[in-house]
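**Student:**
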Amino acid sequence: MSIAKKEYKRVTTKSLVDMKRTGEKISMLTAYDYTMAKIVDGAGVDVILVGDSASNVMAGHETTLPITLDQMIYHASSVIRAVNRALVVVDLPFGTYQSDPKEALRSAIRIMKESGAHSVKLEGGKEVKESIKRILNAGIPVMGHLGLTPQSIYKFGTYTVRAKEEQEAEQLKEDALMLEKIGCFGIILEKIPAELAKEVADSVSIPVIGIGAGNGVDGQVLVLPDMIGMTHEFNPRFLRRYMNLYEDMTKAISQYVTDVKNVDFPSDTEQY
Ligand code: KIV
């Protein structure tokens, strides 16, 4: 189905609300470095997330917990230098906003000041409400993140679908309404039943972006290295791979090794 797209020279938090109102779906992808962000922005993605998934896909950690605020600022400033159109959202990493609202604000200010990002995202509902309010009061746009929140992986114990039970689903719906009420500009819903995600998206006026949350929401986000098939060990049902870069790069690099060994590279025309 194709929907008429309005041209946004620069995507802002207001453009996203506009898109939701007019029924235009929002495209969002992660990026962590200048070169990739340039491609993602140039291809017309609306929102670029400098996700703490950098901890997994860039640094090779098993979880998102180890990445630091300094490392997130490094990734975010590389992305910001590349971007002309997309709205850039940066994850507040684990341990930089949960303990108290003042620390949360200090962390968000560092991201905004030192990277030039446009907004921040943090995980959780009522338990982080005061931190979110403090950040919003300083004029920093905040995106919420509910459902599977990877920074709490040791509490959940697994990466399976969240909010299948009624009690958790009710809490999630309450949290989403609260995030809208206090002024968040959007919400990520990760790995929850599609029906619940649609109900949440229909109940709030701010955009709801899903990952593993079906197509009844206002937009979709994927982790870029997964989406382009650079990674190949992670295969959740919700992931659509648009390329198989793992295979293509392996072939190209093996060919390079062969060419170097055989003195086929560089050729006469590839030297001075
Ligand atoms: O860090 C990340 O990439 C995320 C997405 C999975 C939404 O939070």
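For the sequence shown, my numbering begins at 27 and goes up steadily by one.
Positions of the beta carbon are idealized from the N, C-alpha and C atoms, including for glycine.
#1: Which of the three DSSP states is assigned to G68 in this structure?
#2: In or out: A278 buried (at least 16 other Cβ within 10 Å) or exposed?
#3: Does the Cβ of L75 lie closer than 7 angstroms to at least one heavy atom of the ligand KIV?
#4: In angstroms, rounded to a whole number, what distance separates the CA positions of L148 and D59?
#5: Looking at C-alpha atoms only, which residue of S133, D274, V76, F120 is the closest neighbour of T90?
#6: Could you check whether M54 and V73 sit closer than 8 angstroms to each other, using their CB atoms as the reference points?
#7: By the DSSP assignment, the alpha helix (DSSP H) with K199 in it spans what residues?
#8: Based on Cα-Cα distance, which residue from F211, M62, S229, T186 lies nearest to L203?
#9: What do you reckon, is the C-beta of T122 under 7 angstroms from a heavy atom of the ligand KIV?
#10: I'd like the span of the alpha helix (DSSP H) that includes K287, first residue to last.
#11: So I214 and H171 are in contact, right, with Cβ under 8 angstroms, and what is the actual spacing, rounded?
#12: Measure the Cβ-Cβ separation of S141 and L95 and say whether it is below 8 angstroms.
#13: Can we say the region 111 to 131 touches the region 155 to 175, given the rule of at least three CB pairs closer than 8 angstroms?
#14: For the pair the region 80 to 88 and the region 34 to 46, tell me if three or more CB-CB distances fall below 8 angstroms.
#15: For the alpha helix (DSSP H) that H300 lies in, which residues bound it at each end?
#16: Within the same chain, show all residues whose beta-carbon is closer than 7 angstroms to that of A245, passing over the 5 residues directly before and after it, in chain order.
#17: Just the C-alpha distance for V243 and H87, rounded to the nearest angstrom, thanks.
#18: Quick check: is any heavy atom of the ligand KIV less than 7 angstroms from the C-beta of S79?
#19: Quick check on Q246: does DSSP put it in helix, strand or coil?
#20: Closest by CA to N270, which one among Q281, R107, P262, I254?
#21: Tell me which same chain residues have a C-beta within less than 6 angstroms of the C-beta of S103, skipping the five on either side of it?
**Tutor:** Well, looking at it:
#1: When DSSP states are grouped into helix, strand and coil, G68 belongs to the helix group.
#2: So A278 ends up on the exposed side.
#3: Yes, Cβ of L75 sits closer than 7 angstroms to a heavy atom of the ligand KIV.
#4: About 20 angstroms.
#5: With respect to the C-alpha of T90, the residue from S133, D274, V76, F120 having the closest C-alpha is F120.
#6: Yes, these two residues count as a Cβ contact at 8 angstroms.
#7: K199 -> alpha helix (DSSP H) spans 192 to 208.
#8: It is S229 whose Cα lies nearest to the Cα of L203.
#9: No, since every heavy atom of the ligand KIV falls outside the 7 angstroms radius drawn around the Cβ of T122.
#10: In the DSSP assignment, K287 falls within the unbroken alpha helix (DSSP H) covering 271 to 287.
#11: With a Cβ gap of about 4 angstroms, I214 and H171 count as contacting.
#12: For S141 and L95, no; Cβs fall outside 8 angstroms.
#13: Short answer: they touch.
#14: Inter-segment contact for the region 80 to 88 and the region 34 to 46 is absent: fewer than three beta-carbon pairs are separated by less than 8 angstroms.
#15: It is not possible to answer for residue 300, since the shown part of the chain is limited to 27 through 298.
#16: A small fix is needed here, since residue 245 is Gly in this sequence, not Ala. Once the five neighbours on either side are set aside, the close Cβ partners of G245 are K51, I52, S53, M54, P233, I235.
#17: Approximately 30 angstroms between the Cα atoms of the pair.
#18: Within the cutoff, so yes.
#19: Residue state for Q246 is assigned as strand, using DSSP reduced to three classes.
#20: Of the candidates Q281, R107, P262, I254, the one whose C-alpha sits nearest the C-alpha of N270 is I254.
#21: Only S141 meet the Cβ criterion.
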